[in-house]
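Asker: Pasting in a structure now, in structure tokens, and then I'll have a few things to ask.
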Amino acid sequence: MSAPTPNEADLRQPALAVWTAIASYWDANIGASGNKYWTRLQEPCLTRLLGTHLARPGCRALDLATGNGLCARWLAARGAAAVVATDGSGAMLELAARRVAEDGDLGVKGRAKIALRKLDVTEPADFDKLVDDEGSQRFDVVLVNMALMDVATLEPLAMALTRLLGPDGVFVATVLHPVFFTSGVSRNIDLRFDPATGDLDVVRAKVVRDYLFVPPAKGVAFIDQPERQLYFHRPIHELLGVFFRAGLVLDALEEPAFTAADHEARVESSANYTQLPALLAFRMRLA
Numbered sequence: 001m002s003a004p005t006p007n008e009a010d011l012r013q014p015a016l017a018v019w020t021a022i023a024s025y026w027d028a029n030i031g032a033s034g035n036k037y038w039t040r041l042q043e044p045c046l047t048r049l050l051g052t053h054l055a056r057p058g059c060r061a062l063d064l065a066t067g068n069g070l071c072a073r074w075l076a077a078r079g080a081a082a083v084v085a086t087d088g089s090g091a092m093l094e095l096a097a098r099r100v101a102e103d104g105d106l107g108v109k110g111r112a113k114i115a116l117r118k119l120d121v122t123e124p125a126d127f128d129k130l131v132d133d134e135g136s137q138r139f140d141v142v143l144v145n146m147a148l149m150d151v152a153t154l155e156p157l158a159m160a161l162t163r164l165l166g167p168d169g170v171f172v173a174t175v176l177h178p179v180f181f182t183s184g185v186s187r188n189i190d191l192r193f194d195p196a197t198g199d200l201d202v203v204r205a206k207v208v209r210d211y212l213f214v215p216p217a218k219g220v221a222f223i224d225q226p227e228r229q230l231y232f233h234r235p236i237h238e239l240l241g242v243f244f245r246a247g248l249v250l251d252a253l254e255e256p257a258f259t260a261a262d263h264e265a266r267v268e269s270s271a272n273y274t275q276l277p278a279l280l281a282f283r284m285r286l287a
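Those letters in the sequence shown? Residues 1 to 287, per the UniProt record's numbering, in order.
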């Protein structure tokens with residue numbers, strides 16, 4: 001396993017610490033049922049990528065960077081027989097435990113037993129401990145939903161997947177689109193009147209100035225969040241390449257985008273850019 005660069009090593013803990021600082025705010029905005037990004041983009045995409053795998057008898061799922069447990073509870077509701085949900089932030093795990101408890105007793109009919117544990121995806125030792133604790137058991141599904149762009153280094157995760165996935169297991173991840181979001185694009189809005197009708201025509205575009213080499217940058221998931229998180233941009237070949245080098249192969253790829261049905265009054269809203277995908281989602285398996 002290659003060691004992280006000094007820059008990555010320096011930012012691993014600060015990147016994680018932000019999520020502890022904003023945990024309560026994040027939970028209040030995401031809630032028990034998720035936001036528009038979840039309901040309109042992530043959940044439908046995950047259903048397509050994972051639905052048949054979760055329906056298999058005895059499916060075991062691992063949800064990394066679970067946050068407030070939204071995906072862990074979704075995995076359970078979609079049929080997983082057992083879910084291990086992890087996060088590097090203790091504050092997030094407390095919120096996840098609360099949300100899981102709100103769903104009712106663990107292990108009741110139609111819902112998997114969800115086990116919560118602390119795990120920092122940038123720490124190889126944390127993965128070693130998980131593998132040891134699981135013994136001979138492997139996972140049919142490993143999910144990282146909307147978190148890879150928040151993680152300073154992906155090598156520990158990539159290397160661990162070869163020990164976590166079962167023979168027919170799949171790894172699925174969703175991220176903000178590397179071209180249209182994390183590259184630091186600017187949004188351009190052109191307002192013009194149609195000379196034939198007099199109607200206002202709004203033309204939206206994004207300008208990508210940098211893509212291959214973009215340093216870590218601070219940003220927000222919600223406009224008024226109390227502290228900015230760190231984003232780690234990776235061009236698509238780097239994002240996927242780290243998993244290819246670990247011995248995984250690409251199985252499916254999607255670029256979910258909002259539609260006209262998601263229109264928002266705020267003219268610059270990401271939901272109004274219907275021709276430019278907001279997310280990149282991919283599924284991988286062992287070669």
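Note that beta-carbon positions come from the ideal geometry of N, C-alpha and C, so glycine has one too.
Would you check if there are 3 or more beta carbon pairs closer than 8 Å linking the region 79–88 to the region 53–61?
Answerer: Taking a cut-off of 8 Å on C-beta distances, the region 79–88 touches the region 53–61, as three or more cross pairs fall below it.
Asker: Using beta-carbon positions only, say whether residue 214 and residue 183 come within less than 8 Å of one another.
Answerer: yes
Asker: Give me, in chain order, the residues of the same chain whose beta-carbon lies closer than 8 Å to that of residue 105; leave out the 5 immediate sequence neighbours on both sides.
Answerer: For residue 105, the pLDDT reaches just 48, beneath the cut-off of 50, and the residue's location in the model is therefore unreliable, leaving the point undetermined.
Asker: Need the endpoints of the alpha helix (DSSP H) that residue 228 sits in, please.
Answerer: Counting along the chain, residue 228 falls outside any alpha helix (DSSP H), and DSSP gives it neither H nor E.
Asker: So, does the region 259–266 touch the region 157–174, judging by three or more C-beta pairs under 8 Å?
Answerer: Here the region 259–266 makes no contact with the region 157–174; the two share fewer than three CB pairs at distances below 8 Å.
Asker: Identify whether residue 278 lies in helix, strand or coil by the three-state DSSP scheme.
Answerer: coil
Asker: For the beta strand (DSSP E) that contains residue 251, what are its first and last residues?
Answerer: 248–254
Asker: Quick one: is residue 139 buried, meaning 16 or more other Cβ sit within 10 Å of its Cβ, or exposed?
Answerer: Taking a 10 Å sphere around the C-beta of residue 139, we find 16 or more other C-beta atoms and assign the residue as buried.
Asker: Excluding the 5 residues preceding and the 5 following residue 312 in the sequence, name in chain order all residues of the same chain whose CB lies nearer than 8 Å to its CB.
Answerer: Since the first and last residues shown for the chain are 1 and 287, residue 312 lies out of range.
Asker: Would residue 174 and residue 152 qualify as a contact pair, given that the criterion is a beta-carbon distance under 8 Å?
Answerer: no
Asker: Going by DSSP in three states, residue 302 sits in which element: helix, strand or coil?
Answerer: Only positions 1 to 287 of the chain appear in this structure, which leaves residue 302 out of reach.
Asker: Determine the closest residue to residue 24 out of 37, 192, 94, with distance taken between C-alpha atoms.
Answerer: Comparing Cα-Cα distances from residue 24 to each of 37, 192, 94, the minimum goes to 94.
Asker: Within a Cβ cutoff of 6 Å, which residues of the same chain sit near residue 148, ignoring the five residues on either side of it in sequence?
Answerer: Taken in chain order, the residues that qualify are 173, 175.
Asker: Tell me residue 162's beta-bridge partners as DSSP assigns them.
Answerer: Answer by DSSP bridge pairing: none, since residue 162 is not bridged.
Asker: Could you check the C-alpha separation between residue 30 and residue 195 for me, to the nearest Å?
Answerer: 43 Å
Asker: Grab the span of the alpha helix (DSSP H) containing residue 30 for me, first residue to last.
Answerer: 23–30
Asker: What residue range is occupied by the uninterrupted alpha helix (DSSP H) comprising residue 90?
Answerer: 90–102
Asker: What does DSSP give as the partner residue(s) for residue 242 in the beta ladder?
Answerer: For residue 242, which the question treats as bridged, DSSP gives no partner whatsoever.
Asker: State the Cα-Cα distance for the pair residue 98 and residue 118, rounded to the nearest angstrom.
Answerer: 15 Å
Asker: Do three or more CB pairs link the region 214–232 to the region 247–258 at distances below 8 Å?
Answerer: no
Asker: Considering only their Cβ atoms, is the gap separating residue 191 from residue 293 smaller than 8 Å?
Answerer: With the chain covering only 1 through 287, there is no way to say anything about residue 293.
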